[in-house]
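This report concerns only the one structure given below.
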Amino acid sequence: MSAKIPSTALYANQIESPPRLNGSLTNSAFSISLIAFTLGAVFGLSLLPGLSVINLDLSAIIPTALHSTQVSLYLVILCWFHLWEFLSTAGWNMTKTSVDSYLLNNGYSYIAAHAFGLVSHYLLILFYPSISQNHYLIISGLALVVVGQVLRTLAMVHASESFSHHVASFKQKDHKLVTNGVYRIVRHPSYLGFYLWALGTQMILTNPLSFIAFAIILHRFFTDRIKHILLILADEETYLVKFFGNDYQSYKNNVYSFFPYII
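Position 261 of the sequence shown, counting from 1, maps to 262 under the numbering used here, and the rest follow consecutively.
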């Protein structure tokens, strides 16, 4: 008797049509492989302009005014993030691994936010080139990206099977209260990690406007997700107290979330 494959697991049975999870991405081995290849290709191509050993002349393809080392670094960071979202899930949370584990299905607002950041950066290059080449801001942004990426990845690894990209409204058998590792330092490390990562990307692009916009939008998103998620306005903190009782309440009282207004 074969084991039942979870609906959110990597689809292997080709007898029936593979399920669609979030939106248009089909949960099949082909889709997962194609996304991995595409992200890897963009990652590699984005590294080329920065490799001094390669005498690469892009002027025939991209106008000189649009050459930007920061954009190349931005694309490298973006591809790395989405690849590690999948790899962290596949490595430490296999039963929840699917095409959605890349976290690419974040809606049009996610795409619009990145597009706004890139457009703003090129406008700075054209009209305020001195601001767009602020090396201190770029280095600070890169440091913030690294801290955010490490924090989020460790959150997924340390939580293991208890981690989910979706807020759970009922306690599953493998759902455990995680208070060790990075969770000993911060209560919502995956949220904080993504928050720092996103702000760091805009610092790398030296975008003052998009930095402020990202800070406001992301804070509002995480505040709503943590405190007022779901249609019934039940919040994640409430569910965690419901799942783990006094254990979580004690943990909550001793470990700060590091998000303003979320104590």
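Heads up, the beta-carbon is just placed ideally off N, CA and C, and yes, glycines get one too.
Option in the options with minimal Cα separation from residue i
i	options	result
histidine 122	Ile112, Ala114, Ser133 and Asn107	Ser133
valine 158	Phe215, Ile213, Leu138 and Leu88	Leu88
isoleucine 218	Thr239, Ser191, Ile205 and Phe195	Phe195
phenylalanine 212	Ser191, Tyr257, Leu145 and Ile36	Leu145
valine 256	Gly182, Thr202, Ala114 and Phe44	Gly182
leucine 152	Ala216, Thr98, Phe82 and Ser141	Phe82
leucine 104	Leu26, Tyr184 and Ser47	Leu26
valine 100	Leu155, Ser29 and Phe259	Ser29
glutamate 162	Met204, Gly45, Ala91 and Ile78	Ala91
phenylalanine 38	Leu49, Leu74, Leu84 and Ser73	Leu84
leucine 200	Ser191, Val187 and Leu143	Leu143
threonine 202	Ala116, Gly45, Trp93 and Thr96	Ala116
threonine 180	Leu46, Ala156 and His167	Ala156
serine 258	Thr154, Gly246, Tyr129 and Val187	Val187
For residue i, three-class secondary structure by DSSP
i	result
threonine 98	coil
glycine 41	helix
asparagine 208	coil
lysine 253	helix
tyrosine 129	coil
valine 242	helix
leucine 70	Here the sequence assigns threonine to residue 70, which means leucine is not the residue at that position. Here threonine 70 sits in helix by DSSP.
valine 342	With the chain running from 2 to 264 in the structure shown, residue 342 is simply not present.
threonine 90	helix
threonine 180	coil
arginine 185	helix
serine 258	coil
histidine 83	helix
alanine 4	Note that alanine 4 has pLDDT 41, beneath the 50 cutoff, so the model's placement of it is unreliable and no number is given.
Spatial neighbours of residue i in its chain, beta-carbon cut-off 7 Å, leaving aside the 5 residues before and after
i	result
serine 251	none
aspartate 248	Leu178
valine 43	Leu76 and Cys80
Sequence-distant residues of its chain with Cβ nearer than 6 Å to residue i (five each side left out)
i	result
leucine 232	Caution applies to leucine 232, whose pLDDT of 37 falls short of 50 and renders its modelled position unreliable; the value that the coordinates give is listed next. Closer than 6 Å at Cβ, skipping near neighbours: no residue.
glutamine 150	Trp198
methionine 95	none
serine 110	none
Cβ of residue i within 8 Å of any chain C Cβ
i	result
serine 89	The structure shown contains no chain C; it holds only a single protein chain.
Contacts around residue i, its chain only, beta-carbon distance under 8 Å, and the 5 residues preceding and following it disregarded
i	result
asparagine 56	Per-residue confidence for asparagine 56 stands at a pLDDT of 48, beneath the threshold of 50, marking its modelled position as unreliable; the derived number appears in the next sentence. If we look at asparagine 56 and ignore the five residues flanking it on each side, it has no Cβ neighbours.
asparagine 208	Gly118, Ser121, His122 and Leu125
glutamine 71	His122, Ser133, Ile139, Ile205, Leu206 and Thr207
Every unbroken alpha helix (DSSP H) inside the stretch 99–164 [4 residues or more]: 109–128, 130–133 and 136–160
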